[in-house]
Amino acid sequence: MKQKLILLGISFLGFAIAKANTGDPEPNCKKDELNGIVIHSNTKKPIKNVSVTAVLIKKKEKVVATNDNGGYAFDQLKPGTYKFIFEKTGYRKITKEKVVIKTNEAFQLNIEMIENDFDIIPSPFGVY
Numbered sequence: 515m516k517q518k519l520i521l522l523g524i525s526f527l528g529f530a531i532a533k534a535n536t537g538d539p540e541p542n543c544k545k546d547e548l549n550g551i552v553i554h555s556n557t558k559k560p561i562k563n564v565s566v567t568a569v570l571i572k573k574k575e576k577v578v579a580t581n582d583n584g585g586y587a588f589d590q591l592k593p594g595t596y597k598f599i600f601e602k603t604g605y606r607k608i609t610k611e612k613v614v615i616k617t618n619e620a621f622q623l624n625i626e627m628i629e630n631d632f633d634i635i636p637s638p639f640g641v642y
């Protein structure tokens, strides 16, 4: 009887250790489904305040802006095929289509933006 209790205790302890090792290293840490960095195509420096829009089936899901380091992240996106739109005044708009987001899978999308070759000048006739 004593041997059965010891064996049961060791089995329980082994199960508890195995269960603890299969969890996330930081259980409170959220996993981003998509993240990346936006940089200038020539200087390779990060671009801050770029608007990044996630569109799923013609419906705008979320919009985020890049930080001082050009980084951005989306979390808790629904699985599906997305279109991501990167926009900032003075730069050409970039659209990345057919980006597949899967459940519990991270995806990194780094972007290089090019400055516009021209400035938009307001109409002298006041018509907008």
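Just add 514 to wherever you are in the sequence shown, counting from 1, and you've got this note's numbering.
We put the beta carbon where it would ideally sit given N, CA and C, even for glycine.
All values derive from a computational prediction rather than experimental measurement.
Do you know offhand how far D631's Cα is from T603's? Rounded to whole angstroms, D631 to T603 spans 12 Å at the Cα level.
Can you tell me where the beta strand (DSSP E) holding K597 begins and where it ends? Note, K597: beta strand (DSSP E), 594–601.
Grab the span of the beta strand (DSSP E) containing E575 for me, first residue to last. Per DSSP, E575 is one residue of the beta strand (DSSP E) stretching across 573–579.
Where does A620 sit, in a helix, a strand or coil, going by DSSP? coil
Spatial neighbours of K576 within its chain, please: CB distance less than 8 Å, with the 5 preceding and 5 following residues excluded, ordered by chain position. Same-chain partners within the cutoff: T567, A568, F588, L591.
Quick one: residues in its chain with C-beta nearer than 6 Å to the C-beta of P560, no 5 flanking neighbours on either side, listed in chain order? I553, N583, G584
Would you please state the rounded distance, in angstroms, between the beta carbons of Y605 and I628? I believe it to be under 8 Å. 7 Å
I need the straight-line Cα distance from N563 to A579, nearest angstrom please. 5 Å
Residue range of the unbroken beta strand (DSSP E) whose run includes L591: L591 -> no beta strand (DSSP E), and no H or E assigned at all.
If you drop the 5 nearest sequence neighbours on each side, which residues of the same chain put their C-beta closer than 7 Å to that of K558? none
Check each candidate in N556, F598, L548, I551 and name the one with the smallest Cα separation from I608. F598
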